[in-house]
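Structure first, then comments.
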Ligand code: PGA
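Residue numbers (our numbering): 273 to 527.
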């Protein structure tokens, strides 16, 4: 199964010049590399989605949005819909990132509506789940993740579930340098597979892609992705450095 290496560029690449330099640099890094077992996905700010698609002549990467609204169109000032990004060639969308849950009050209900809207237009949602440090310390990791999955994916029919990608991102590992052990990640992977097997059956559970995210670097890619048997990574800070991002992809690709 192809691994997914997703770069979440967050609210960066401020100027057009910065964006163009970034794209040139990604293309230069990817050139000549035989990345046969993984797919790169870059998620720029929505303002740059169109350029990421048009400047990607050789289809070196797929493009994802960092967020969408759940209605297709209408009077929703400031929002961008799943249908709009789908129409320009976007393939993925990150939903329920911990920063959106924290700063924009996104609840599991909002996550559920956004996931449905993404699936309805044919986007693959990358649904982020994960516990806070306090929840982990109180032994609530399993409960939190089960609740987030059950609520967020409540309306997804079995026919569409394998289009959903799950990203396990412990909130305390995002943007910090703290990371879980391989065993801790593997426990969550097993939990997620069990939830999907119980709800949708084993063949579906086996097909589901489960990524790890939170302080992934080239130096930690083995511990955080390969050792716990994850299907790829969601990378924040290091995705802003094309050389490092592609290095992470190479390590995972060669594993
Ligand atoms: P980080 O961010 O790699 O900078 O920890 C990960 C994420 O927010 O998805």
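Backbone N, C-alpha and C fix where the C-beta goes; we use that ideal spot for every residue, glycine too. These numbers were taken from a predicted model, which means no experiment stands behind them.
Cβ distance (whole Å) where residue i is taken to contact residue j below 8 Å
i, j, result
"residue 504", "residue 481", "7 Å"
"residue 506", "residue 439", "4 Å"
Rounded C-alpha distance that separates residue i from residue j
i, j, result
"residue 305", "residue 512", "19 Å"
"residue 391", "residue 432", "7 Å"
"residue 347", "residue 356", "14 Å"
"residue 448", "residue 413", "19 Å"
"residue 382", "residue 417", "16 Å"
"residue 467", "residue 516", "34 Å"
"residue 483", "residue 527", "15 Å"
"residue 332", "residue 310", "11 Å"
"residue 459", "residue 465", "10 Å"
"residue 510", "residue 352", "26 Å"
"residue 313", "residue 327", "14 Å"
"residue 287", "residue 350", "20 Å"
Nonlocal neighbours in the same chain, by C-beta distance under 8 Å from residue i, ignoring five residues either side
i, result
"residue 454", "495, 496, 499 and 500"
"residue 372", "339 and 378"
"residue 362", "321, 325, 335, 336, 337 and 395"
"residue 423", "380, 381, 383 and 384"
"residue 441", "369, 370, 400, 401, 402, 484, 485, 486 and 506"
Min CB distance residue i to chain C below 8 Å
i, result
"residue 386", "The structure shown contains no chain C; it is built from a single protein chain."
Neighbourhood of residue i by C-beta, 7 Å cutoff - its chain only, sequence neighbours within 5 removed
i, result
"residue 434", "476, 479 and 480"
Neighbourhood of residue i by C-beta, 6 Å cutoff - its chain only, sequence neighbours within 5 removed
i, result
"residue 219", "Any property of residue 219 remains undetermined from this structure, which presents the chain solely from 273 to 527."
"residue 278", "313 and 506"
One or two residues paired with residue i in a DSSP bridge
i, result
"residue 275", "310"
"residue 360", "Residue 360 pairs with nothing; no bridge assigned."
"residue 367", "399"
"residue 438", "399 and 482"
"residue 341", "353"
"residue 315", "280"
"residue 507", "279"
"residue 335", "314"
Query raised in the report: Do the region 287-302 and the region 316-326 make contact, defined as three or more Cβ pairs closer than 8 Å?
Result: Yes: the two stretches touch, three or more of their Cβ pairs being nearer than 8 Å.
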